[in-house]
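*Asks:* Before I ask anything, let me first share the structure, which is written out below as structure tokens.
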């Protein structure tokens, strides 16, 4: 077997004659300081030996063999790191036994605390390019899932035409954290996407790549007059451009610029249109540049002029006005057509093609003093130096009433002649031939040379240099830019932090029409295509190159120097962080005995003594205990065990002790302290930490345990000798018990057994009793010793929140929120084998209140409260830290149920309001419930009511359901579940539902002509006569509409089944085929159903767009209910100047 090179120069073990052998994708992380290639990968055969594995890595990184170690992450990135012995005879497959991951994580580690040595003549390893399509395909073949591979390829085709290798993206994400220089091989710097700021990044890169804009921005002298640089848009833009030009990073942040916009972090999560951003940002730039020598910058570069005219076809008189523009928005398709324009030139011609005003739409000519046929349209007076064209890909579909994206193909030229579109150019004048606007390849250099020859005669030749692309749907998507460099005439893809060179073929793919994927509706149909184009006039006299750094002003050079210094500081900070060891730190407070915890961050080159001082200060021990009485030990907080003490290590470095730098470790540190005259104990690796409890059979509690650290290999007899010295009891006198998780408590009887053989691991508990000779004669299973131990194992601390005033009189009517306003805490040690009744008795003694006059609630981690009512239930589900809330209120007796009452208000914006908590008991009638609880609460709330017209009905989620007549008895005529809810309804008529033979229905009238919906009315029918015909008769009685003209529809959704007056005609199923209201599709089998009805003789009113908009707006303001349509509210893009955010 011999190592062979792969496509990227790495060595791969290949066994001859076994080419189908299983391969493993091995991803290596190298965190040493002597390399820049901190992330790389191999595809290795399973038969690769350990020796070959080490040799492969050494050759890849130019390391001297034997100066580094390799480690394998057993469970991925967050698992345990296992060191691979260089002398191991195992193969790679044997090392990875049990691994189910397709990506196996390895690390290159220091050996003996030192970085690997480079071979003679080798320097730091060069950074591997992230632009390696062949590597991408090579790695892609390792995935067994075709779907995963196809998904990656689709992302490349639709989003980043050039593609990115797996190794590149992984390497980049690690390097960004590590602060490593990873500038793109193109020489250009990307922009970090804050969240959804891709539209901003695309526009900023376009402006940066525009020489005239960048040069003008650099000429601004703004810092010396600047009061607050953080709110100056020109300054932050200038600073960002300098970073893009000089930074060695792969990508830089835009947060400084967005802060100058007045944006907070939430704005970064708002997606906006790039054309909208362009207009708003240019407007604010123009505002902030007033009073400077560049105040006309935007107008000089981007502003054109057009004429809006009407021309009489009879006398040729023309009425017109001129307007300025910063961009041109052209249609993809002619209005009302599904066929797109062939190319951009045709779309521009359509833009200036006049509309003929004729017939009823004739124009009143002032010169003719009569209505005449006329042409109405737009003409370009002149074009700006930099021409921005938006392709209107987003439109509104009036058939589906949805916003959609047009994926159609629209070609555009790399150079374009616009002379025929300017008003001064007569129709008879011959225009220069236009370049083809099709898929054929264009020799850009030849086209540019030809245009430069003609430029003195034709100032309307323009060259394409930026394409802003939208990938996605009308519901959202991603922006990136294809930009041509004026320095080398090459095209580049600027996709947030990634910059790559692309071909002319890639550019032409942005025409659209291909790669469209269908979604659930047209709103979500996705496509990738050009959305905004930027052209520059071809003019040798006007076209400029970029200002060279040597020609920068002194202030610009100073700013650049400041930026590079900040960048170096940030790099050094990240480099320092890479060398910081981060561990969890714990301590037991010497006075309060409370457990303290913190996060210790210490540099790898610090001494262990310096680490101890840092921990001592971090835990605020300066005033509690002297430093010389403290030390750091290796600790396992989960098992509460001492792992190892570090004797005589004060002068060693943190790296020497911990072995490697990591962000997380599999162990913790404990700041241990000792008494003034005590000595620290030695903790050897592999031992166990024992908590030793002394048990007094006459006392209820347990004292604080002694802590011992002993080897696992120690026998029971040897342990007893140690305990003799610790307790002063003789071995014959003491009884020693220990706890096994599964089987319970056992005595130390077989003295030759070791702790390890008895199941001890990192920690354990042992219990000693040596005073009761009488109990020693009793079998252990029947002894008082065991009883005390079982009480100990079942004892838990619970936290109880008590009402502030213990002697408050119980009040069943109090709202829960009122009773939680003021509470106090009580910690209680209880045996979880007791019952809830016994717990209430204990609490009763603490607060001096009869158990029947308070209620107990258990508080869960999600802040949900659950009332505990089963008095005979034991507290087995309780644990240490369980929280209990005690509230005033009478506890339930057997046969009682607690009920919440809500006031039902069908015609109000808020259709139900909480009224009170009540109690119903078995055999209680509805009338008794009203007399004892309801009427008093209504009077207290000052609600006007008539006793005979108060109705109680079931509350089914939000819906009013079954009506309970006054004579109904709880548990006999109806049953309520735990925490039941009921509606209380006040009627404006006498109760008609007197038993179960009736059904009550809510009705609302839709007035078609008035475009309105009336309030709710009630119709009560006998169930046996509940036909649709009888329902319509009820409607006739209430509305006066003849039965033959009544049309009905069932309301949809939750009560009150709100429906927009604009949608009710087509959203509801009118006149369903059904004989009875209980039959399908009405299916109204219990009280509370909703029916809409209308007069068939009325014709719906025709509404204008303005009227519909007004109605929709009014419904949103006045309705508190969910309507059938969901409208997306888009937040307007705003940029604020001088920190003035209004």
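Residue numbers (full-length UniProt numbering): 1 to 1142. All C-beta atoms in this analysis are idealised placements derived from N, C-alpha and C, irrespective of residue type, glycine included.
#1: Could you give the distance in angstroms between the alpha-carbon of residue 203 and the alpha-carbon of residue 481?
#2: In terms of DSSP beta bridges, what is residue 106 paired with?
#3: With distances taken from CA atoms, which of 301, 318, 784, 345 is nearest residue 215?
#4: Taking the CB atoms as reference points, tell me whether residue 629 and residue 674 lie closer together than 7 Å.
#5: Measure the CB-CB distance between residue 705 and residue 692 and report whether it falls below 7 Å.
#6: Give the single residue among 374, 604, 599, 495 whose Cα lies nearest to the Cα of residue 653.
#7: Tell me which same chain residues have a C-beta within less than 6 Å of the C-beta of residue 201, skipping the five on either side of it?
#8: Need the endpoints of the beta strand (DSSP E) that residue 1008 sits in, please.
#9: I want to see whether chain B comes within less than 7 Å of residue 717, judged by CB atoms only; does it?
#10: For residue 682, is the classification buried or exposed, using 16 other Cβ atoms within 10 angstroms of its Cβ as the cut-off for buried?
#11: By how many angstroms is the C-alpha of residue 1133 removed from the C-alpha of residue 951?
#12: Below 7 Å between beta carbons: does that hold for residue 1022 and residue 997?
#13: Out of 477, 744, 916, which has the shortest C-alpha to C-alpha gap to residue 984?
#14: One question on the structure: do residue 982 and residue 899 come within less than 7 Å of each other, judged by their Cβ atoms?
#15: Taking residue 209 as the reference, which of 734, 46, 194, 188 has the closest Cα?
#16: Which word fits residue 491, buried or exposed, when buried means at least 16 other C-beta atoms lie within 10 angstroms of its C-beta?
#17: Extract the residue ranges of the alpha helix (DSSP H) inside the stretch 599 to 640, only unbroken runs of 4 or more that lie entirely within it.
#18: Tell me which same chain residues have a C-beta within less than 7 Å of the C-beta of residue 239, skipping the five on either side of it?
#19: Please name the residue in 960, 993, 108 whose C-alpha comes closest to that of residue 1057.
#20: Are the CB atoms of residue 483 and residue 466 within a distance shorter than 7 Å?
#21: According to DSSP, simplified to helix, strand and coil, what is residue 733?
#22: State buried or exposed for residue 312, treating a residue as buried only when at least 16 other CB atoms are found within 10 Å of its CB.
#23: Considering only the alpha carbon of each residue, which of 786, 40, 468, 474 lies closest to residue 775?
#24: Residue 257 by DSSP, collapsed to three states: which one?
#25: If you drop the 5 nearest sequence neighbours on each side, which residues of the same chain put their C-beta closer than 6 Å to that of residue 769?
#26: Is residue 1098 closer than 7 Å to residue 1009 when the C-beta atoms are compared?
#27: Once the 5 residues before and after residue 880 are set aside, which same chain residues still bring their CB inside 7 Å of it?
#28: When burial is assigned at 16 or more other CB atoms within 10 Å of the CB, is residue 1135 buried or exposed?
#29: Please state whether the Cβ-Cβ distance between residue 103 and residue 53 is less than 7 Å.
#30: What separation, rounded to the nearest whole angstrom, lies between the Cα atoms of residue 526 and residue 474?
#31: With a cut-off of 8 Å on the beta carbons, I'd call residue 1078 and residue 1026 a contact; round off their distance for me.
#32: Below 8 Å, can you find three or more Cβ-Cβ pairs linking the stretch 880 to 899 to the stretch 961 to 979?
#33: Does the pairing of the stretch 1065 to 1072 with the stretch 912 to 929 give three or more beta-carbon distances under 8 Å?
#34: Leaving aside the five residues before and after residue 389 along the sequence, list all residues of the same chain whose C-beta is less than 6 Å from its C-beta, in chain order.
#35: Does DSSP put residue 860 in a helix, a strand or coil?
#36: Quick check: the stretch 884 to 893 against the stretch 858 to 866, are at least 3 beta-carbon pairs closer than 8 Å?
*Replies:* The short version:
#1: Taking the chain shown and counting its residues from 1, the one referred to as residue 203 is at position 203. Taking the chain shown and counting its residues from 1, the one referred to as residue 481 is at position 481. Roughly 8 Å between the two C-alpha positions.
#2: Taking the chain shown and counting its residues from 1, the one referred to as residue 106 is at position 106. According to DSSP, residue 106 bridges with 28, 72.
#3: Looking up residue 215 in the chain shown gives position 215. The residue with the shortest Cα to Cα distance from residue 215 is 301.
#4: As a working mapping, residue 629 is identified with position 629 in the chain shown. As a working mapping, residue 674 is identified with position 674 in the chain shown. A contact, by the Cβ cut-off of 7 Å.
#5: Counted from its first residue, the chain shown places residue 705 at position 705. Counted from its first residue, the chain shown places residue 692 at position 692. It is a contact, given that the beta carbons lie within the stated cut-off.
#6: The residue labelled residue 653 in the question sits at position 653 within the chain shown. The option with the nearest alpha carbon to residue 653 is 604.
#7: Here the question's residue 201 lines up with position 201 in the chain shown. Hits under 6 Å: 191, 496.
#8: Translated into positions along the chain shown, residue 1008 becomes position 1008. From DSSP, residue 1008 is part of no beta strand (DSSP E); its letter is neither H nor E.
#9: Among the chains of the structure shown, chain B does not appear; only one protein chain is present.
#10: In the chain shown, residue 682 corresponds to position 682, counting from 1. So residue 682 counts as exposed.
#11: The residue you call residue 951 lines up with position 951 of the chain shown. The residue you call residue 1133 lines up with position 1133 of the chain shown. Roughly 52 Å between the two C-alpha positions.
#12: Position 1022 of the chain shown, counting from 1, holds the residue named residue 1022. Position 997 of the chain shown, counting from 1, holds the residue named residue 997. Their beta carbons are under 7 Å apart, which means residue 1022 touches residue 997 by this criterion.
#13: Against the chain shown, residue 984 aligns to sequence position 984. Comparing Cα-Cα distances from residue 984 to each of 477, 744, 916, the minimum goes to 916.
#14: Sequence index remark: in the chain shown, residue 982 carries index 982 (1-based). Sequence index remark: in the chain shown, residue 899 carries index 899 (1-based). Contact: yes.
#15: In the chain shown, counting from the first residue as 1, residue 209 sits at position 209. Of the listed residues, the one whose Cα sits closest to residue 209 is 188.
#16: Position 491 of the chain shown, counted from the first residue, corresponds to residue 491. Burial call: buried.
#17: 608 to 618
#18: Indexing the chain shown from 1 puts residue 239 at position 239. So the list reads 256, 559, 563, once near-sequence residues are dropped.
#19: Translated into positions along the chain shown, residue 1057 becomes position 1057. Residue 1057 has its Cα closest to that of 960, out of 960, 993, 108.
#20: Indexing the chain shown from 1 puts residue 466 at position 466. Indexing the chain shown from 1 puts residue 483 at position 483. Cβ distance < 7 Å, so residue 466 and residue 483 count as in contact.
#21: As a position in the chain shown, residue 733 is number 733, starting the count at 1. Three-state DSSP puts residue 733 in coil, outside helix and strand.
#22: Counted from its first residue, the chain shown places residue 312 at position 312. By the 10 Å Cβ count, residue 312 comes out buried.
#23: Locating residue 775 in the chain shown gives position 775, where the first residue counts as 1. With distances taken between Cα atoms, residue 775 lies closest to 786.
#24: The residue you call residue 257 lines up with position 257 of the chain shown. Three-state result, residue 257: helix.
#25: Counting from one through the chain shown, the residue named residue 769 turns up at place 769. Taken in chain order, the residues that qualify are 695, 735, 785.
#26: To locate residue 1009, count along the chain shown from 1; it is residue 1009. To locate residue 1098, count along the chain shown from 1; it is residue 1098. In contact: residue 1009 and residue 1098 (Cβ atoms closer than 7 Å).
#27: Numbered from its first residue, the chain shown carries residue 880 at position 880. So the list reads 796, 797, once near-sequence residues are dropped.
#28: Taking the first residue of the chain shown as 1, we reach residue 1135 at position 1135. Here residue 1135 is buried, its C-beta having at least 16 other C-beta atoms within 10 Å.
#29: Numbered from its first residue, the chain shown carries residue 103 at position 103. Numbered from its first residue, the chain shown carries residue 53 at position 53. Against a cut-off of 7 Å, the Cβ pair of residue 53 and residue 103 comes out as no contact.
#30: The residue you call residue 526 lines up with position 526 of the chain shown. The residue you call residue 474 lines up with position 474 of the chain shown. Approximately 8 Å, taken between the alpha carbons.
#31: Stepping through the chain shown from its first residue, residue 1078 is reached at position 1078. Stepping through the chain shown from its first residue, residue 1026 is reached at position 1026. Yes, they are in contact, since the Cβ atoms of residue 1078 and residue 1026 sit about 6 Å apart, within 8 Å.
#32: Contact check between the stretch 880 to 899 and the stretch 961 to 979: three or more CB pairs, one atom from each, fall below 8 Å, which counts as touching.
#33: Contact fails: fewer than three Cβ-Cβ distances are below 8 Å.
#34: Looking up residue 389 in the chain shown gives position 389. Within the same chain, residue 389 has close Cβ partners 328, 533.
#35: Counting from one through the chain shown, the residue named residue 860 turns up at place 860. Here residue 860 sits in coil by DSSP.
#36: yes
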